[in-house]
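In this note's numbering, the protein residues as written are 448 to 986. Ideal Cβ positions, reconstructed from N, Cα and C, are used throughout, including at glycine. A quick note: this is a predicted structure, and the numbers were derived from the prediction, not measured. These notes are about the structure you will find just below.
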């Protein structure tokens with residue numbers, strides 16, 4: 448069958464003014480197995496090309512696909528654009544089958560199908576195996592209702608098939624790198640062509656605002672050697688100079704993580720890496736941080752989330768302020784940049800909260816700060832525990848961690864925004880931070896820091912302009928309970944209460960022999976439903 452994968456034209460301030468466009472890894476993960484199954488697969492990155500729906504329609508007319516699939520790494524804010532893209536496909540040819548995947552449709556499948564006639568199938572969970580089985584079934588004239596991991600219509604009503612099992616042998620599923628036709632569209636940190644690679648999936652920790660442990664079901668890893676082979680091939684065949692690890696928590700198994708670092712260090716590739724790690728794991732790895740540097744890790748994002756110890760405990764972060772500070776110190780000692788992810792809005796904050804947070808951030812002394820707003824997702828425990836919080840931002844396109852969504856009783860939205868923007872300026876413009884940008888001993892790191900500073904400034908001014916001239920808040924805000932009521936009712940067979948979603952399996956971090964590509968060694972216990980997360984391979 449002829450299949451067109453469309454990365455929807457969702458443009459955020461950060462993609463336009465900040466880090467730039469990144470490869471649609473989820474679509475590539477789905478495209479590789481479909482190509483290997485004998486189908487004719489092509490990719491249209493409407494985001495990177497900045498296409499409008501008319502231009503997408505013209506491409507579809509020329510391509511004449513049997514199936515159009517879409518999904519986006521920013522699954523929630525990109526939802527409306529993704530659905531509009533499938534509606535465009537149907538307007539060109541109503542016979543085209545449309546498929547939509549990602550975390551948001553996974554958890555909102557029933558209410559999406561009830562509201563969006565342009566969507567035929569929703570892939571619930573990991574896309575590779577489900578999409579391939581769906582296409583095979585359609586090609587053979589079979590019944591899609593027999594395919595596990597789908598939400599579809601039966602007799603005009605949404606119907607969810609049984610969950611598909613999690614993929615155990617990740618190395619068996621090839622990423623369709625050949626679908627990228629112009630690598631120059633994807634660059635990051637000013638270091639040239641960039642790609643995203645995944646070493647593992649899932650997270651054994653259960654932070655209540657996140658949900659990664661629910662979506663991915665359990666932590667699984669690829670062969671360290673095969674991942675490094677892939678990175679080396681990307682560099683030699685496509686000139687990739689910068690790699691982002693898409694993992695939620697690649698350090699879950701110290702043994703596997705060390706094997707990956709040692710293998711990558713031994714290749715001596717002129718590549719730099721960006722990864723998201725837990726501060727506690729950085730401190731745990733203090734004696735092997737030389738391997739981090741040797742492997743090319745240039746910048747590490749650590750989600751400290753909050754500087755308040757009580758809030759850290761409430762959200763089940765599993766870290767402490769002392770650990771976070773020590774992680775920053777250790778990274779700087781080894782010449783690795785630290786970026787701290789700080790989230791506001793977990794509690795009813797006042798001016799004093801921001802002052803204490805700023806003082807703590809100064810004490811941490813990070814190289815970069817990523818200030819965000821708490822973003823509630825229907826699948827996270829945090830929503831269940833905070834169902835009466837008020838939603839003041841009803842534009843789903845702004846549910847991207849960069850906009851205030853929830854009311855704060857003691858501070859007006861403009862005050863919260865001003866405090867966050869002030870915090871960003873004060874952290875990034877400290878004399879010692881500016882000195883590092885000017886005088887860092889490593890030339891490539893210095894270039895990356897200057898690039899980041901310029902891009903951060905562009906994002907800062909763009910967000911100020913947007914807040915002043917293109918942002919509106921609800922005059923009479925609903926509670927999270929009311930906001931998510933349609934999804935809760937659809938998923939709970941008529942229930943009008945929050946549903947706490949449990950992971951499908953109990954998490955057990957693998958301790959596999961390094962010599963085996965995918966020796967996972969899991970002992971799992973089946974429980975109830977799963978799923979959540981926001982950065983992932985999506986259909």
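Reduced DSSP secondary structure (H/G/I, E/B, other) of residue 634: Of the three classes helix, strand and coil, the one that applies to residue 634 here is strand, per DSSP.
Which of the three DSSP states, helix, strand or coil, is assigned to residue 484? coil
Secondary structure of residue 642, DSSP reduced to three states: strand
Spatial distance of residue 655 from residue 826 (CA atoms): 10 Å
Are residue 749 and residue 774 touching if we call contact CB-CB under 8 Å? Less than 8 Å separates the beta-carbon of residue 749 from that of residue 774.
Cβ atoms of residue 927 and residue 834: under 8 Å apart, would you say? yes
How is residue 988 classed by DSSP in three states: helix, strand or coil? Since the first and last residues shown for the chain are 448 and 986, residue 988 lies out of range.
Against chain C, does residue 891 count as a neighbour if the rule is that its beta carbon must be under 8 Å from one of theirs? No chain C appears in this structure, which consists of one protein chain only.
CA-CA distance, residue 852 and residue 805? Going by the C-alpha atoms only, they are around 22 Å apart.
Please classify residue 713 as buried or exposed, where buried requires at least 16 neighbouring CB atoms within 10 angstroms. exposed
Close beta carbons around residue 534, own chain, < 7 Å, minus the five adjacent residues each side: 565
In the stretch 678–703, which residue ranges form an unbroken alpha helix (DSSP H) of at least 4 residues, counting only runs that do not cross its ends? none
Taking just the CA atoms, how far does residue 744 sit from residue 776? Distance between the alpha carbons of residue 776 and residue 744 is about 16 Å.
Would you kindly work out how many angstroms separate the C-alpha atoms of residue 645 and residue 784, rounded to a whole number? 21 Å
Where does residue 894 fall in DSSP's three states? helix
Who are residue 415's beta bridge partners in DSSP? The structure shown does not extend to residue 415, since the chain is modelled only from 448 to 986, so the question has no answer here.
Quick check on residue 813: buried or exposed, where buried means 16 or more other Cβ atoms within 10 Å of its Cβ? buried
Can we say the stretch 559–574 touches the stretch 486–504, given the rule of at least three CB pairs closer than 8 Å? The count of Cβ pairs closer than 8 Å, one atom from the stretch 559–574 and one from the stretch 486–504, stays below three, leaving the stretches out of contact.
How far does the alpha helix (DSSP H) with residue 877 in it extend, from its first residue to its last? Segment: none, residue 877 is in no alpha helix (DSSP H) and carries neither H nor E.
Check whether the stretch 540–560 touches the stretch 629–638, taking contact to mean three or more Cβ pairs, one atom from each stretch, closer than 8 Å. no
Determine the extent of the alpha helix (DSSP H) in which residue 503 is found, giving its start and end residues. For residue 503, the uninterrupted alpha helix (DSSP H) run begins and ends at 500–510, by DSSP.
Nearest-angstrom Cβ-Cβ length linking residue 606 and residue 586, presumed shorter than 8 Å: Approximately 21 Å separates the beta-carbon atoms of residue 606 and residue 586; this is outside 8 Å, ruling out the contact.
Paired residues, beta bridge with residue 517 - DSSP: 453 and 547
Take the Cβ of residue 973 as the centre, count every other Cβ of all protein chains shown within 10 Å, and call the residue buried at 16 or more, exposed below. Because the pLDDT at residue 973 is just 27, under 50, the model does not fix this residue reliably, and the point stays unresolved.
Pairing CB atoms from the stretch 459–466 with CB atoms from the stretch 540–559, are three or more of them under 8 Å? The stretch 540–559 and the stretch 459–466 do not touch, with fewer than three beta-carbon pairs separated by less than 8 Å.
The alpha helix (DSSP H) with residue 719 in it runs from where to where? Here residue 719 belongs to no alpha helix (DSSP H); instead the beta strand (DSSP E) covers 719–724.
Ends of the alpha helix (DSSP H) at residue 830? 828–832
At the level of alpha carbons, what is the spacing between residue 546 and residue 923? 35 Å
Pull up the distance between the alpha-carbon of residue 801 and that of residue 767, whole angstroms please. 18 Å
Kindly indicate which residue of 898, 864, 903 and 469 has the alpha-carbon position closest to the one of residue 821. Relative to residue 821, the option among 898, 864, 903 and 469 whose CA is nearest is 864.
For the beta strand (DSSP E) that contains residue 598, what are its first and last residues? 597–601
Using the Cα positions of residue 472 and residue 596, report the straight-line distance between them to the nearest angstrom. 20 Å
Does residue 480 pass the burial test, meaning 16 or more other C-beta atoms within 10 Å, or should it be called exposed? buried
Name the DSSP beta bridge partners of residue 926, please? 837
Rounding to the nearest angstrom, what Cα-Cα distance links residue 747 and residue 724 in this structure? 7 Å
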